[in-house]
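Trainee:
Numbering (our numbering), first residue to last: 794 to 1124.
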């Protein structure tokens, strides 16, 4: 991936939240929500982040959006480091980086109509707009997300979940973004509606050249929409691969365990396939284990796994794995 083609680059990102302090105010322990995460997102492509709940996916997205200021590390947007940029420095790019929320109802103002919600996003660019221009733009955005103009008069409680999520997408598009962070945008929708919204995301990307960071826990959804997938565990990225490889060539034992939990439609194959059952619970991010974060639950763990943190290594074709024992021969 050429440097000129990269829209977002994250290097050694850390996000720690203080949880305990002494009476003098000194922090004694942290929740290490994101711990040394690195990846890059190519223009016009989709980078998928997957993993269990609490692994740090959403926090990573919030750091890229600069909702959270990272504890350490760097976030480059169009080659500029924005990881610790001030409000005035971030102001010119705020409209270029948008967020689509997991809960379409909770993310919309129930007191505003769809028209008002989209209008609000349009006029925040600070430029003068006539009523006709606003009306035209609102109708264009509603049509773009496959909603009829009459839906502009509806309030969020009068819409279905799919319609509310389409409204959230229209609001994001009103800012003419280049990057959209999608935080589990279809997990709250019915399965049939999920497919429609996912296809809408792909269509918009093709039409508008959008770049996505797509956060989800559904591997089938991420495989369908993403070009590259990063697998997270306890604040770390343990594997990065092309989307096509997640089912054909998973290497990290955690990735394999995730895949083994995905149900398949073939009854006989489902009855005969081997499930990988992980023992124990996910360790606390406050008292994370030394060495590889996955070693307490890994059946391949050796002494080196308990003491030394593995680095992401390229095992060929841009496939990165953070494992001391990486190799396609393990089953």
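The beta-carbon is built from N, C-alpha and C at its ideal position, and this holds for glycine as well.
For clarity, every value in this text was computed on a predicted model and none was experimentally measured.
How do the stretch 913-924 and the stretch 979-998 stand: do at least 3 beta-carbon pairs fall below 8 angstroms, yes or no?
Mentor: No, they do not touch.
Trainee: Which two residues bound the contiguous beta strand (DSSP E) that contains residue 1096?
Mentor: Here residue 1096 refers to the residue found at position 303 when the chain shown is read from its first residue. Per DSSP, residue 1096 belongs to no beta strand (DSSP E); it is in the alpha helix (DSSP H), 1096-1100.
Trainee: Check the DSSP bridge columns for residue 975 and list the partner residues they point to.
Mentor: As a position in the chain shown, residue 975 is number 182, starting the count at 1. DSSP, once it has assigned bridges, lists 893, 1007 as partnering residue 975.
Trainee: Rounded to whole angstroms, what's the CA-CA distance from residue 1099 to residue 1085? Just pull it up for me.
Mentor: Counting from 1 along the chain shown, the entry for residue 1099 is found at position 306. Counting from 1 along the chain shown, the entry for residue 1085 is found at position 292. In a straight line, the C-alpha of residue 1099 is about 6 angstroms away from that of residue 1085.
Trainee: Report the residue from 1007, 938, 1092, 1009 whose alpha carbon sits nearest the alpha carbon of residue 1001.
Mentor: Indexing the chain shown from 1 puts residue 1001 at position 208. Nearest option by C-alpha distance: 938.
Trainee: Can you list, in chain order, the residues of its chain whose CB lies under 8 angstroms from that of residue 1035, leaving out five sequence neighbours each side?
Mentor: Numbered from 1 along the chain shown, position 242 holds the residue referred to as residue 1035. Here the set comprises 1020, 1021, 1022, 1110, 1111, 1112.
Trainee: Taking the alpha-carbon positions, what's the residue 990 to residue 981 distance?
Mentor: Stepping through the chain shown from its first residue, residue 990 is reached at position 197. Stepping through the chain shown from its first residue, residue 981 is reached at position 188. One C-alpha to the other measures close to 12 angstroms.
Trainee: Quick check on residue 1124: buried or exposed, where buried means 16 or more other Cβ atoms within 10 Å of its Cβ?
Mentor: Your numbering for residue 1124 matches position 331 in the chain shown. Because the pLDDT at residue 1124 is just 40, under 50, the model does not fix this residue reliably, and the value given afterwards should be weighed accordingly. Counting Cβ neighbours within 10 Å, residue 1124 comes out exposed, since fewer than 16 surround it.
Trainee: Can you name, in chain order, every residue of its own chain whose Cβ lies under 7 angstroms from the Cβ of residue 864, other than the five neighbours on each side?
Mentor: Start at 1 with the first residue of the chain shown, and residue 864 comes out as number 71. These residues qualify, in order along the chain: 807, 808, 809.
Trainee: For the candidate residues 958, 945, 1049, whose alpha-carbon lies nearest to that of residue 909?
Mentor: The residue labelled residue 909 in the question sits at position 116 within the chain shown. For the residues 958, 945, 1049, the minimum Cα distance to residue 909 belongs to 945.
Trainee: Here's the rule: buried if 16 or more other CB atoms are within 10 angstroms of the residue's CB, otherwise exposed. What is residue 1097?
Mentor: Residue numbering aside, residue 1097 sits at position 304 when the chain shown is read from its first letter. Burial call: exposed.
Trainee: Can you tell me which of 813, 838, 1077, 818 puts its alpha carbon nearest to the alpha carbon of residue 1028?
Mentor: For the purposes of this step, residue 1028 is identified with residue 235 of the chain shown, where counting begins at 1. Of the candidates 813, 838, 1077, 818, the one whose C-alpha sits nearest the C-alpha of residue 1028 is 1077.
Trainee: How far does the alpha helix (DSSP H) with residue 829 in it reach, from first residue to last?
Mentor: The residue labelled residue 829 in the question sits at position 36 within the chain shown. Note, residue 829: premise wrong, no alpha helix (DSSP H); beta strand (DSSP E) at 820-835.
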